[in-house]
Amino acid sequence: MQFHVITLFPEVCEAYTSASVLGRAQKTDKGKGAKSRGKKLEVSYYNPRDFTTDKHRKADDKPYGGGPGMVMKAEPIIKAWEKAVGRKRDQKKVKTLIMSPRGRMFTQKLAKEYAKKYDHLVLISGRYEGIDARVKTALKAEEVSVGDYVLTGGELPALSIIDATARHIPGVLGEQDSLEDDRATTGEAYTRPEVIQFKKKKLKVPEVFLSGHHKEIEKRRSMK
Ligand code: SAH
1 MQFHVITLFP EVCEAYTSAS VLGRAQKTDK GKGAKSRGKK LEVSYYNPRD
51 FTTDKHRKAD DKPYGGGPGM VMKAEPIIKA WEKAVGRKRD QKKVKTLIMS
101 PRGRMFTQKL AKEYAKKYDH LVLISGRYEG IDARVKTALK AEEVSVGDYV
151 LTGGELPALS IIDATARHIP GVLGEQDSLE DDRATTGEAY TRPEVIQFKK
201 KKLKVPEVFL SGHHKEIEKR RSMK
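So the sequence shown is residues 1 to 224, counted in my numbering.
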């Protein structure tokens, strides 16, 4: 699967997507068997400033109708989108998302759906007062929100969506990692050492986790 991020701050996002699980999934494993070879995902970045035509490379401007702040211009974003996926033959496999606090709420269910249905996910990050509304119309994009709060930019939302979606691409998580369906987390977990000390108190790993009784451990983990 390919993720295309349109953002004024690609370097902020790159640091995150090149680390750990997401970083590994973008590499080819030469040493492993044929099945595990090959990139599971690719992440590309496009800066609207690189698609401007004026001397100052202006990617934002004042809002029509007045009001505070600046609005991201439509054309540089549309050009960036064209570079990313405009020539893809099967547009049904392309999904374009605009990060917006007023968008449809992003959920685990949507993450799973994106991973299954699309080959290309384009994530458009806003800044300032948001994005010229014609971008949404032109690109048949959907607005998505990652939570009922307002951030200063769409970079964290875009990264959240990439991260949650990538986990559903086969092979992205190692065998040891869990891809949960109904449970949102693995719940209560412990690792070494068996006892830690904090403010003169000893905190021990509960006996059941050391018992080797897998059924009991499972039961305990699924408790709230
Ligand atoms: N008044 C603007 C707020 C812009 S916040 C508006 O109503 O749209 C700046 C940018 O941050 C937005 O364009 C969007 O891309 C991003 N953003 C902020 N909060 C977000 C959220 N909860 N989910 C997704 N994107 C968000």
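We put the beta carbon where it would ideally sit given N, CA and C, even for glycine.
Exercise. Regarding Tyr-128 and the ligand SAH, is the C-beta to nearest heavy atom distance less than 7 Å?
Worked result: On the sequence shown, residue 128 is found 128 positions in, with the first residue counted as 1. True, at least one ligand heavy atom lies under 7 Å from that Cβ.
Exercise. Just to check, is the beta-carbon of Arg-89 closer than 7 Å to a non-hydrogen atom of the ligand SAH?
Worked result: What you label residue 89 is simply residue 89 of the sequence shown in a count that begins at 1. Arg-89 Cβ: outside cutoff for every heavy atom of the ligand SAH.
Exercise. Looking at the unbroken beta strand (DSSP E) that takes in Phe-198, where does it start and where does it end?
Worked result: Working through the sequence shown from its first residue, we reach residue 198 at position 198. Residues 195-198.
Exercise. What are the residues that DSSP puts in a beta bridge with His-4?
Worked result: Position 4 of the sequence shown holds residue 4. DSSP, once it has assigned bridges, lists Ser-44 and Val-122 as partnering His-4.
Problem set entry | Buried versus exposed, by CB contacts within 10 Å (16 or more), Asp-60 | Sequence index remark: in the sequence shown, residue 60 carries index 60 (1-based). Buried, by the Cβ-count rule.
Exercise. Arg-104: beta carbon under 7 Å from a heavy atom of the ligand SAH?
Worked result: Along the sequence shown, one-based indexing puts residue 104 at 104. No, the ligand SAH has no heavy atom inside 7 Å of this Cβ.
For this session: Return the CA-CA distance between Ala-74 and Pro-206, expressed in angstroms with no decimal places.
Result: One-based indexing of the sequence shown puts residue 74 at position 74. One-based indexing of the sequence shown puts residue 206 at position 206. Distance between the alpha carbons of Ala-74 and Pro-206: 57 Å.
For this session: Mind checking which residues open and close the alpha helix (DSSP H) that includes Pro-10?
Result: Locating residue 10 in the sequence shown gives position 10, where the first residue counts as 1. Start and end: 10-17.
Exercise. For Pro-63, which residues from the same chain have a beta carbon less than 8 Å from its beta carbon, with the 5 sequence-adjacent residues on both sides left out?
Worked result: Taking the sequence shown and counting its residues from 1, one reaches residue 63 at position 63. Taken in chain order, the residues that qualify are Gly-69, Met-70, Val-71 and Glu-129.
Exercise. Looking only at DSSP bridge pairs, what is Gly-23 linked to?
Worked result: Walking along the sequence shown from the start, residue 23 turns up at place 23. BP columns for Gly-23 are empty, so no partner.
For this session: Following the continuous alpha helix (DSSP H) through Leu-110, name the residue where it begins and the one where it ends.
Result: One-based indexing of the sequence shown puts residue 110 at position 110. Its alpha helix (DSSP H) spans residues 108-117.
Exercise. Does DSSP put Asp-182 in a helix, in a strand, or in coil?
Worked result: Along the sequence shown, one-based indexing puts residue 182 at 182. Residue confidence for Asp-182 is low, a pLDDT of 43 falling below 50, so the modelled location carries little weight; the figure read from the coordinates is stated next. Note: Asp-182 maps to coil in three-state DSSP.
Exercise. Nearest CA to the CA of Val-144: which residue from Asp-50, Glu-155 and Pro-101?
Worked result: Within the sequence shown, the letter at position 144 stands for residue 144. Looking at the Cα atoms, Pro-101 is the closest of the given residues.
Problem set entry | Same chain, Cβ closer than 8 Å to Lys-204, five either side skipped, listed in chain order | Start at 1 with the first residue of the sequence shown, and residue 204 comes out as number 204. These residues qualify, in order along the chain: Glu-194 and Val-195.
Exercise. What residues match up with Thr-96 in a beta bridge as DSSP calls it?
Worked result: On the sequence shown, residue 96 is found 96 positions in, with the first residue counted as 1. Answer is Val-122, bridged to Thr-96.
Exercise. Using DSSP with H/G/I as helix, E/B as strand and the rest coil, what is Glu-75?
Worked result: Counted from its first residue, the sequence shown places residue 75 at position 75. Glu-75 falls in the helix class under three-state DSSP.
Exercise. When the distance is taken between beta carbons, is Lys-40 closer than 8 Å to Ile-169?
Worked result: Here residue 169 corresponds to residue number 169 of the sequence shown, with the count starting at 1. Here residue 40 corresponds to residue number 40 of the sequence shown, with the count starting at 1. It is a contact, given that the beta carbons lie within the stated cut-off.
For this session: Determine the direct distance from the alpha carbon of Ile-98 to that of Asp-163, and round the result to whole angstroms.
Result: For the purposes of this step, residue 163 is taken as the residue at position 163 of the sequence shown. For the purposes of this step, residue 98 is taken as the residue at position 98 of the sequence shown. Rounded to whole angstroms, Asp-163 to Ile-98 spans 16 Å at the Cα level.
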